[in-house]
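Notes follow once the structure below has been shown.
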Amino acid sequence: MRGLFRALFGTSHGNSDRGRPEAIRRQTLAINARIILLLSAVFLPVALFLVARSELSAFVLALIGLATGAATLTLHNRGHFERAAEGQVQAVLVAGLFLTLADPGVVDFGLAVALLAPVQASLFTRSPAKKRAWAMLVVVVALGTLGSLDIIGLPAKFASGIGTIDVACFIMLALIVAYSGHRLNGAFEVYERGQINAYRHLIENVQDAVLRFGATGAVLFASKSAEKLFGCQRYELSGQGLFERLHILDRPQFMTAFAEANRDGSARAIEVRVRRDDPLPAQVPVYFWLEMALSPVIDDQRPGDRHEVVALLRDVTERRRQDQEMRDARRLAEDASNAKSRFLATMGHELRTPLNAIVGFSEMMTSGVVGELSGPHREYAEIIHQSGHHLLDVVNMLLDMSRIEAGKFELQTDAFEPGALIEPCFKMVDSLARQRKVRLMTDLPKALPMITGDERACRQVLINLLSNAIKFSNENAAVVVSMKRQGDYLNISVADRGIGMEADAVRRIGEPFFQANEGLNRRYEGTGLGLSIVKGLVDLHQGTMTAVSSPGDGTVVTVLLPLNGPETKKGETAEVTPLHKEPAPEQLPQWQDERRRAL
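Position 439 of the sequence shown, counted from 1, bears residue number 582 in this note's numbering, the numbering being contiguous throughout.
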C-alpha cells in the first residue's frame, strides 16, 4: 500500500525546477495520470454494477482509464516523459474510437472525445507525436463513419446506456485538458515574464550601451549606460538624436553600415566619432571614438524589406590612442633600424679602404719586400697583419648583414653541384682548423642532386657554419660536414663535438651579435654575426635553418635549401630580410616569434 501511495502521490522527476515550463509540463503530465487513475478507480465499482445489468461500456472505459493512468505514471516516474505523454494521447483516441463504434449515431460524443487527443498532443508532445495524433484521428473518424453506416460496429450490449457514459467521459477529459492548458499557459507566462525581466536588467546594467533602431532608422530604445557614454539623458538620443551627434565625416560610413543591416540583414561593425555632451558648455565639441556593432533583428513571421537593428556601443578612444602610439613606436624603431643599417654600410665602406692598406703593407713587411726586419719588428708586423685581417673580416660581415637587411643582396641563381662546395670551403678554414687542432671530415652519399641557387651565397653559408663549428670545438676534435637529399630540399649539416649550448641559447641562434658566452670575460672572440648572415642567406633561398645542441655534447646546425631554387626571379631577390630591429617594448612577443621561426 505504501508503494502504491508513493506511485500515486509521490514526487516525480524534474520537480526540483518548478519555475521552468518543461518542469511544469512534466508535473502536469503526472497529475493528469493520477487524476485518470483515481477517477477510473472510483468509477470501477459503478462499472461492475452495470456489468451485472449487461452494460459493458462503463467497465471497458474504466479498464482503459486504469491501464492508461498506471502505465503513463510508471513511465513518467522512470523518466520516459515523451512516451508517457504519447500514451495518454493514444488512450484518449482509443476511448474515442470505442465510444464512436458503440454509438450508432453519425455525430456523437465519441468523436468529440477523439478530437481532444490532438489538443492534448499539442500541449504535451513533440512534433512527430502531434502528427501521429492527427493521423490517428483521421482513422477514428473513418471508422466512426463506417460504424454509422452499420458496416462495422460493436455488439448491442456495449451500446446500452452509452449516451450518458460518453457525455461523462467527454466532460471529464475536457476538464483535464482545460486544466492542463491553464496550468501550462500560466507557467509560460511566468517564465516569459522572468526572461523579459532578466533581459531588461542585463541591458540596463551592461557596461556597453545598447540602442534599438526602428525600421525607419529612428532610435526607439537606449539603455541606461548610454547616458554615461554620451553624457546626456537617454531620451535625447531618441529619434535622430544619435545621428546629430555623429561627426559629419563619419555619417556616410554610419549610413552605409546601417543600410546593410537594416535592408540586407547583414551584421556590421564600424568605428565612428561621436560628440559627448559636456556638463560645462565648452566652445569646442568633445568627440570620442565609438565602436558600433550593428545586428539586424530578423523576424520570419513579419517579413518586410527592412529590419529593426540592435547596436552595441563601446568607447574605444583609449584603444585607438594605444594603437597609434604602437604605430608611431614601430615607425621610430624602423627608422632607427634603417639608420643603423645605413650607418653600418657607410662606415663599413669607409673602414675597408684603410684596412686593406694596413693588411697589404703589413704583409709586405713580414714577407721582406721592404727589407729584412728585426725579430721584434717582424713580430709586431705579424700582429698588425693578423689584427687587420680580423678587422677586415668583421667589416665584411657587417657589410653583408647591412646589405641583407636593406634588401640589396641579390641572388644570382644557377644550377651547380653541391658537393663542389666542400673543397674550396675547407681551404678557406684550413688555417683556422690547424690552429685549433680540429680535423675536417665529410659524410657525403655517392650521388647528390643538382641544386639551383646562388653558389657564392651557399659557399658563404658553409664557410660561416664551418668557422663557427671550429671556433667552439675542443682540441683534437672533428667537425663533420654532411649533405643529403631530403624530399625537395638539400640537407646541409655541420656537426661539432664542442662546448654546446643551453636550450635558451639555441632558441636565440640567428640573432645578430648574439653569443652563448656573452660578457667582457668571454673565452671566444667574434661579433656573433656569422649565423645571422647564414640565416639571412638561407631565408633569401626560401630555406630553413635549425640547430640542435646540449652543453658538452656539441652542436649540429642544419640548413635546408630547395633544390629548385627560390620561387622568385633574379630581379625579385632583393627583398628586405630583417635580421634585427630595435623593437619597442610592445613588440617583444612578435620578435620572440621571429626567433622561434628562425630555428
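For each residue, glycine too, the CB sits at the ideal point set by N, CA and C.
In this structure, residue 190 sits away from residue 210, with a CB-CB distance that is not shorter than 8 angstroms. For residue 693, the enclosing beta strand (DSSP E) covers residues 687 to 693. Within the segment 217 to 264, the complete alpha helix (DSSP H) segments at least 4 residues long are 224 to 245, listed from N- to C-terminus. Every unbroken stretch of the alpha helix (DSSP H) spanning 4 or more residues and falling wholly within the segment 503 to 586 is given here in chain order: 518 to 549, 565 to 579. Annotation for residue 629: no alpha helix (DSSP H) segment contains it, though the beta strand (DSSP E) segment containing it runs 621 to 629. Between residue 518 and residue 501, the alpha-carbon positions lie close to 20 angstroms from each other. Here residue 353 carries a strand assignment [DSSP, helix/strand/coil]. In the three-state scheme derived from DSSP, where H, G and I count as helix and E and B as strand, residue 314 is classed as helix. A distance of 8 angstroms or more separates the beta carbons of residue 218 and residue 208.
For residue 595, the CB contacts under 6 angstroms within the same chain, skipping 5 residues up- and downstream, are 556, 558, 707, 708 in chain order.
Rounded to whole angstroms, the gap between the alpha carbons of residue 220 and residue 226 is 11 angstroms. Ranked by how close their Cα comes to the Cα of residue 405, the residues 448, 385, 391, 369 have 448 in first place. In this structure residue 328 is exposed. Its beta-carbon is surrounded by fewer than 16 other beta-carbon atoms within 10 angstroms. Within the same chain, 418, 419, 421 come within 8 angstroms of residue 429 by CB-CB distance, once the 5 residues on both sides are set aside. Between the alpha carbons of residue 360 and residue 325 lies a distance of about 40 angstroms. Within a 10 Å sphere around the beta-carbon of residue 520 sit fewer than 16 other beta-carbons, which makes this residue exposed. Sequence-distant Cβ neighbours of residue 283 in its own chain, meaning closer than 7 angstroms and more than five residues away, are 236, 239, 240, 243, 257. Comparing C-alpha distances from residue 312 to each of 185, 269, 647, 252 shows the shortest one belongs to 252. Comparing alpha-carbon positions, the option among 172, 201, 263, 202 lying closest to residue 222 turns out to be 172. With contacts defined by Cβ atoms closer than 8 angstroms, residue 579 and residue 613 form a contacting pair. For the 8 angstroms CB-CB criterion, residue 228 and residue 267 form a contact. The beta carbon of residue 179 sits closer than 7 angstroms to those of 208, 211, 212, all from its chain and outside the five residues before and after it, given in chain order. The Cβ atoms of residue 308 and residue 183 do not sit closer than 8 angstroms to each other.
Bounds of the beta strand (DSSP E) holding residue 638 are 632 to 639. Inter-residue distance for residue 164 and residue 263 is about 16 angstroms (C-alpha atoms, whole angstroms). Taken in chain order, the unbroken stretches of alpha helix (DSSP H) that lie wholly in the segment 379 to 463 and span 4 residues or more are 384 to 388, 394 to 406.
Around the beta carbon of residue 350, fewer than 16 other beta carbons lie within 10 angstroms, which makes this residue exposed. Here the C-alpha atom of residue 174 lies approximately 49 angstroms from the C-alpha atom of residue 407.
Within the same chain, and ignoring the five residues on either side of residue 330 in sequence, the residues whose Cβ sits closer than 7 angstroms to its Cβ are 164, 167.
Apart from sequence neighbours up to five positions away, the residues of its chain that approach residue 370 with a beta-carbon distance below 7 angstroms are 376, 377, ordered along the chain.
Short of 8 angstroms from the beta carbon of residue 610, and not among the five residues preceding or following it, lie these beta carbons of its own chain, in chain order: 572, 575, 673. A direct Cα-to-Cα measurement between residue 499 and residue 530 gives close to 12 angstroms. A direct Cα-Cα distance of roughly 20 angstroms separates residue 524 from residue 494. A direct Cα-Cα distance of roughly 48 angstroms separates residue 590 from residue 479. With respect to the 8 angstroms criterion, residue 637 and residue 681 are not classified as neighbours on the basis of their beta carbons. Across the set 403, 442, 587, the C-alpha of 587 shows the shortest separation from the C-alpha of residue 627.
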